[in-house]
Amino acid sequence: MRKEHESTAITYADERNLAARAELFRVLKSYPATDAETERSLGLFLRASLLARIFAIRELYEKILMLPGIIIDLGTWRGQTAVVCENLRAIFEPLHFNRRIVCLDTFNGYQGFSSKDKPSDLHKDGTYKVEKDYALFLERLLALHEKNNAMGHNHGKHKVFKGDCRATLPKFFKENANEVVALAFFDVNSFTPTLASFDRVYERLVPGGIAAFWQLTRDSIPAEGMVYAGEILNKRSHTIHRSQFYPGLCYVSKK
Ligand SMILES: C[S@@+](CC[C@H](N)C(=O)[O-])C[C@H]1O[C@@H](n2cnc3c(N)ncnc32)[C@H](O)[C@@H]1O
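When the count follows our numbering, it moves up by one through the sequence shown with no breaks and lands on 284 for the last residue.
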């Protein structure tokens with residue numbers, strides 16, 4: 030069954046771009062190297078748009094190097110941002126074992142749209158649902174990356190929580206009264222869950238800490254923009270920037 034969501038259905042590409050993308054995908058699936066050489070050469074198939082996402086995550090990671098606190102990936106989906114962060118941790122601060130990463134997702138797709146959101150065929154409850162037990166898979170995958178990285182004997186730092194973030198995030202903070210946040214990525218794309226989660230994260234965000242929004246200026250997905258315009262812009266002391274590499278990614282730094 031073909032699963033559609035914004036990441037695959039909304040594109041600025043034309044027919045020629047899409048055909049080239051499909052061809053690259055075919056080459057990836059039939060690439061004749063050994064598993065080890067394919068794994069070593071995955072960059073052969075990395076398109077610029079994904080590379081830009083990775084650069085953007087690195088851009089923000091570098092800003093928190095001298096800050097204490099965990100990383101939260103809210104709306105983690107398949108967990109790519111979290112995995113990139115674990116590997117950046119290994120590169121930039123391999124001895125920083127307290128840079129824990131917390132991933133949150135329903136893993137059943139979008140949840141929590143209200144009349145404030147712009148409904149569409151894709152932008153509705155359930156879009157982005159992943160396979161059963163994906164939370165467990167992702168937690169194991171994160172540990173596998175830790176084990177592959179320097180000081181890999183020290184693994185199991187990162188946690189994955191399944192459920193609506195309006196319940197899982199307050200529960201996490203309640204059960205972990207010591208945890209403060211250096212960097213939080215927001216990507217749940219509905220107004221009420223984004224606002225509720227932002228409020229909880231901001232209470233624990235250290236000064237200079239970063240709240241990053243993947244869709245802040247996207248007109249067709251207005252949740253993050255509404256939270257920013259209505260609840261942050263004139264109400265919280267902050268600075269805001271957009272990523273150098275991924276224009277959609279904007280980040281608020283707490284003052
Ligand atoms: C656009 S996708 C995230 C993409 C991901 N951040 C990435 O960069 O690859 C949105 C994710 O938010 C999750 N989500 C939506 N509403 C949620 C909610 N109320 N609580 C937890 N997760 C939610 C969905 O299940 C989906 O995986």
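No residue lacks a Cβ here, since even glycine has one placed at the ideal position from N, Cα and C.
Report yes if the C-beta of residue 109 is less than 6 Å from at least one heavy atom of ligand 1; otherwise report no.
In the sequence shown, residue 109 corresponds to position 80, counting from 1. At least one heavy atom of ligand 1 is nearer than 6 Å to the Cβ of residue 109, so yes.
Given residue 122, which residues of its chain have a CB within under 8 Å of its CB, disregarding the five upstream and five downstream residues?
Position 93 of the sequence shown holds residue 122. If we look at residue 122 and ignore the five residues flanking it on each side, its Cβ neighbours are 94, 128.
Do the region 109 to 125 and the region 172 to 182 make contact, defined as three or more Cβ pairs closer than 8 Å?
yes
For residue 78, the three-state DSSP class (helix, strand or coil):
Numbered from 1 along the sequence shown, position 49 holds the residue referred to as residue 78. Helix.
Can you tell me the Cα-Cα spacing of residue 280 and residue 49, whole angstroms?
Translated into the one-based positions of the sequence shown, residue 280 becomes position 251. Translated into the one-based positions of the sequence shown, residue 49 becomes position 20. Using only the alpha carbons, I get a separation of about 32 Å.
Kindly examine ligand 1 and report whether one of its heavy atoms sits closer than 6 Å to the Cβ of residue 273.
Your numbering for residue 273 matches position 244 in the sequence shown. The answer is no for residue 273.
For a test of your reading of the model: does the CB of residue 279 fall under 6 Å from any non-hydrogen atom of ligand 1? Yes or no.
As a first step, residue 279 is located in the sequence shown; it is residue number 250 there, counting from the start. Result no, Cβ not under 6 Å from ligand 1.
Can you find the residues in the same chain that come closer than 6 Å, C-beta to C-beta, to residue 219, ignoring five residues on each side of it along the sequence?
Within the sequence shown, the letter at position 190 stands for residue 219. The answer, listed in chain order, is 141, 142, 146, 252.
Rounded to a whole number of angstroms, what is the C-alpha to C-alpha distance between residue 44 and residue 51?
Within the sequence shown, residue 44 is the residue found at index 15, counting from 1. Within the sequence shown, residue 51 is the residue found at index 22, counting from 1. Distance between the alpha carbons of residue 44 and residue 51 is about 10 Å.
Check residue 179 in the structure and name its three-state DSSP category.
In the sequence shown, residue 179 corresponds to position 150, counting from 1. DSSP places residue 179 in coil when its eight states are reduced to three.
Residues that DSSP places opposite residue 29 in a beta bridge:
The question about residue 29 has no answer, for the chain in this structure spans 30 to 284.
Express the C-alpha separation of residue 265 and residue 54 in angstroms, rounding to a whole number.
Taking the sequence shown and counting its residues from 1, one reaches residue 54 at position 25. Taking the sequence shown and counting its residues from 1, one reaches residue 265 at position 236. Straight-line Cα distance between these residues: approximately 44 Å.
Among 194, 207, 204, which has the Cα closest to the Cα of residue 215?
Translated into positions along the sequence shown, residue 215 becomes position 186. The shortest Cα separation from residue 215 among 194, 207, 204 belongs to 194.
Here's a check: name, in chain order, each residue in its chain whose Cβ is nearer than 8 Å to the Cβ of residue 106, leaving out the five neighbours to either side.
Your numbering for residue 106 matches position 77 in the sequence shown. For residue 106, where only same-chain residues beyond five positions count, the Cβ hits under 8 Å are 134, 157, 159, 216.
Which two residues bound the contiguous beta strand (DSSP E) that contains residue 47?
Taking the sequence shown and counting its residues from 1, one reaches residue 47 at position 18. Element bounds for residue 47: not the beta strand (DSSP E) but the alpha helix (DSSP H), 44 to 59.
Say the cut is 6 Å; is the CB of residue 217 nearer than that to a heavy atom of ligand 1?
Stepping through the sequence shown from its first residue, residue 217 is reached at position 188. Indeed, a heavy atom of ligand 1 lies less than 6 Å from the Cβ.
May I have the straight-line CA-CA distance separating residue 229 from residue 199, to the nearest angstrom?
Locating residue 229 in the sequence shown gives position 200, where the first residue counts as 1. Locating residue 199 in the sequence shown gives position 170, where the first residue counts as 1. The alpha-carbon atoms of residue 229 and residue 199 are separated by roughly 7 Å.
In this structure, how does DSSP classify residue 153 when only helix, strand and coil are distinguished?
Translated into positions along the sequence shown, residue 153 becomes position 124. DSSP places residue 153 in coil when its eight states are reduced to three.
According to the Cβ coordinates, are residue 89 and residue 237 closer than 7 Å?
The residue given as residue 89 occupies position 60 in the sequence shown. The residue given as residue 237 occupies position 208 in the sequence shown. No. Outside cutoff.
Would residue 256 and residue 234 be called neighbours here (beta carbons separated by less than 7 Å)?
Your numbering for residue 256 matches position 227 in the sequence shown. Your numbering for residue 234 matches position 205 in the sequence shown. No, the Cβ-Cβ distance between residue 256 and residue 234 is not below 7 Å.
Any heavy atom of ligand 1 closer than 6 Å to the Cβ of residue 135?
Your numbering for residue 135 matches position 106 in the sequence shown. Checking every heavy atom of ligand 1 against the Cβ of residue 135, one is found closer than 6 Å.
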